[in-house]
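J.:
In my numbering, the protein residues as written are 977 to 1113.
1. I believe residue 1070 touches residue 1103 by the beta-carbon criterion, under 8 angstroms. Please report the beta-carbon distance rounded to the nearest angstrom.
2. Tell me the DSSP secondary structure of residue 991 in three-state form.
3. Just the Cα atoms here: how many angstroms apart are residue 990 and residue 983?
4. Given residue 981, which residues of its chain have a CB within under 6 angstroms of its CB, disregarding the five upstream and five downstream residues?
5. Report, in whole angstroms, the separation of the C-beta atoms of residue 1076 and residue 1062, which I expect to be a contact under 8 angstroms.
6. Tell me, which residues are paired with residue 978 by DSSP?
7. Which residues in the same chain as residue 994 place their Cβ atom closer than 6 angstroms to its Cβ, once the five residues preceding and following it in sequence are excluded?
8. Please confirm whether residue 1073 and residue 1057 have their CB atoms less than 7 angstroms apart.
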């Protein structure tokens, strides 16, 4: 196919000239090509709409979503990141461990009680260590 602008030979499937970039299609070919493309897209959308199930929305609270740990029966009341964060804070400020320990020891969940006990022990041990160190001065 010859380009009408620069007269360069192009492949038949090209829509634009490889030399000057001009259109190789006349107005009728472009309209037919765009119509075919629109029909293909419409068919694809219709196909997806008919094959997919209707979407039902649920509230996030009532969706019944569970983590992998709770599906395995290992439901945790305290995440690992929170546990480690409080432990680090307890080392820096032991009173945080004691306060969080008392708060979590009052909960009914066993992992929350275990975390509270650990924070309480570490906070108490660090305060005791500080008292001992200060008494030697």
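All C-beta atoms in this analysis are idealised placements derived from N, C-alpha and C, irrespective of residue type, glycine included.
T.: Result, derived from the coordinates:
1. As a position in the chain shown, residue 1070 is number 94, starting the count at 1. As a position in the chain shown, residue 1103 is number 127, starting the count at 1. Confirmed, about 5 angstroms.
2. The residue labelled residue 991 in the question sits at position 15 within the chain shown. Reduced to three states, the DSSP call for residue 991 is coil.
3. Locating residue 990 in the chain shown gives position 14, where the first residue counts as 1. Locating residue 983 in the chain shown gives position 7, where the first residue counts as 1. Going from the Cα of residue 990 to the Cα of residue 983 covers about 14 angstroms.
4. Counting from one through the chain shown, the residue named residue 981 turns up at place 5. Within the same chain, residue 981 has close Cβ partners 996 and 998.
5. Locating residue 1076 in the chain shown gives position 100, where the first residue counts as 1. Locating residue 1062 in the chain shown gives position 86, where the first residue counts as 1. Sure, about 5 angstroms apart at Cβ, within 8 angstroms.
6. Numbered from its first residue, the chain shown carries residue 978 at position 2. Looking at the DSSP assignment, residue 978 forms a beta bridge with 985.
7. Here residue 994 refers to the residue found at position 18 of the chain shown. Once the five neighbours on either side are set aside, the close Cβ partners of residue 994 are 986.
8. Residue numbering aside, residue 1073 sits at position 97 when the chain shown is read from its first letter. Residue numbering aside, residue 1057 sits at position 81 when the chain shown is read from its first letter. Not closer than 7 angstroms, so no.
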